[in-house]
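Enquirer:
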Amino acid sequence: MKYVIFSFELGDYICNGENKVLVFDTLGLAFQYLQKHYRKPLPEQRKRD
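Going left to right, the sequence shown walks through residues 115 to 163 as this note's numbering numbers them.
1) Going by beta-carbon coordinates alone, are Tyr152 and Val137 separated by less than 9 Å?
2) Start and end of the alpha helix (DSSP H) containing Tyr152?
3) What are the residues that DSSP puts in a beta bridge with Phe138?
4) Can you grab the Cα-Cα spacing for the pair Val135 / Cys129, in whole Å?
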């Protein structure tokens with residue numbers, strides 16, 4: 115089974131620089147790609163004075 119990632123924000127599948135759809139061999143590889151390229155940083159923690 116192969117995996118592709120659909121971006122609801124873009125309204126299309128995630129593509130590489132050559133405009134070809136990225137296809138992953140495992141769900142784990144797809145998840146790693148999402149973590150590396152689309153992970154939002156956590157907000158900074160502020161201390162109360």
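All C-beta atoms, glycine included, are put in the ideal place defined by N, C-alpha and C.
This one's a predicted model, so the numbers in the text were calculated from it and none came from an experiment.
Expert: The answer reads as follows:
1) no
2) 141 to 152
3) Tyr117
4) 4 Å
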